[in-house]
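From first to last, the protein sequence lines stand for chains A and B.
Going letter by letter, the first sequence gives residues 287 to 401 in my numbering.
Going letter by letter, the second sequence gives residues 299 to 411 in my numbering.
Every residue gets a Cβ at the ideal spot worked out from N, C-alpha and C, and that includes glycine.
Just so we're clear, the structure is a prediction, and the values are computed from it rather than from any experiment.
Below is one structure; the comments refer to it alone.
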Amino acid sequence: AQSVTQLGSHVSVSEGALVLLRCNYSSSVPPYLFWYVQYPNQGLQLLLKYTSAATLVKGINGFEAEFKKSETSFHLTKPSAHMSDAAEYFCAVRFYGGATNKLIFGTGTLLAVQP
Amino acid sequence: SQTIHQWPATLVQPVGSPLSLECTVEGTSNPNLYWYRQAAGRGLQLLFYSVGIGQISSEVPQNLSASRPQDRQFILSSKKLLLSDSGFYLCAWSKSGADNEQFFGPGTRLTVL
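Here you go:
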């Protein structure tokens with residue numbers, strides 16, 4: 287079955303440290319992949335997306351993600367965390383097939399940034 | 299540019315009361331529309347999606363319903379709310395096409411007491 291998994295429901299880093307949020311998908315065909323960020327009591331905002339062009343995708347706020355087909359992964363990274371990065375992050379996948387671009391979301395990773 | 303609106307922003311309703319949440323999109327035509335629910339500490343659950351006026355697909359059985367009376371209007375309803383209907387409801391839109399992202403509204407916080 288097609289699925290998306292985010293390892294680690296809570297991640298805590300120090301300000302200035304590397305941020306690494308993990309996302310793996312299960313599919314025999316590389317899907318379209320997205321990362322969203324959600325601040326408390328707000329909607330989701332798109333950080334970046336992979337649509338079979340460059341495997342390293344740069345997004346907003348200094349985030350980037352690398353698509354690795356061999357590992358079926360699309361991990362999100364940022365070299366240096368800021369306090370303002372504290373939020374919940376969702377990986378989403380659109381698998382091929384179907385009449386709409388329905389997305390399957392991971393369960394989210396809550397990022398805490400310590401001063 | 300496109301914008302998406304949801305109202306109300308917050309809502310407190312007693313068990314058994316009706317519900318109507320509204321979502322409208324501006325700046326685009328014939329969007330795909332989606333309703334999600336986000337329960338506390340959990341991910342997003344797709345409730346309904348629509349590819350056109352009057353076309354509604356339900357993803358999970360529940361006591362909620364959706365309607366799309368106009369191209370850019372999407373309504374989530376219930377005749378009788380349950381405690382388990384509490385949550386954060388998000389509306390989203392997208393263009394058709396596999397690589398198009400979804401754009402989310404600000405959400406409605408529903409508390410059923």
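| Asked | Found |
| --- | --- |
| How is B/N330 classed by DSSP in three states: helix, strand or coil? | strand |
| Using the beta-carbon of each residue, which ones in chain A are nearer than 7 Å to B/P404? | Q328 and G329 |
| Report back the beta-carbon spacing between A/F360 and A/F353 to the nearest angstrom; my notes put them in contact at under 8 Å. | 5 Å |
| What are the residues that DSSP puts in a beta bridge with B/G443? | Residue 443 of chain B lies beyond the range of chain B shown here (299 to 411); nothing can be said about it. |
| Residue range of the beta strand (DSSP E) that B/Y347 falls in? | L342 to G350 |
| Quick one: is A/E357 buried, meaning 16 or more other Cβ sit within 10 Å of its Cβ, or exposed? | exposed |
| Reducing DSSP to helix, strand and coil, say where A/S370 ends up. | helix |
| According to DSSP, is A/N347 helix, strand or coil? | helix |
| Check whether chain B comes within 8 Å of A/F376, counting only Cβ atoms and requiring the distance to be less than that. | yes |
| Just the Cα atoms here: how many angstroms apart are B/Q353 and B/P359? | 17 Å |
| Which residues of chain A have a Cβ atom closer than 7 Å to the Cβ of B/L344, listed in chain order? | K388 |
| So, does the region 310-319 of chain B touch the region 320-330 of chain A, judging by three or more C-beta pairs under 8 Å? | no |
| Of the choices B/C389, B/N361, B/K393 and B/L342, whose alpha-carbon is the least far from that of B/D383? | B/N361 |
| I need the straight-line Cα distance from A/G294 to A/Y311, nearest angstrom please. | 15 Å |
| Kindly indicate if chain C contains any beta-carbon less than 8 Å away from that of A/K335. | Structure shown: chain C not included; protein chains present are A and B. |
| Just the C-alpha distance for A/S313 and B/E357, rounded to the nearest angstrom, thanks. | 21 Å |
| Quick one: grab the DSSP three-state call for B/E324. | strand |
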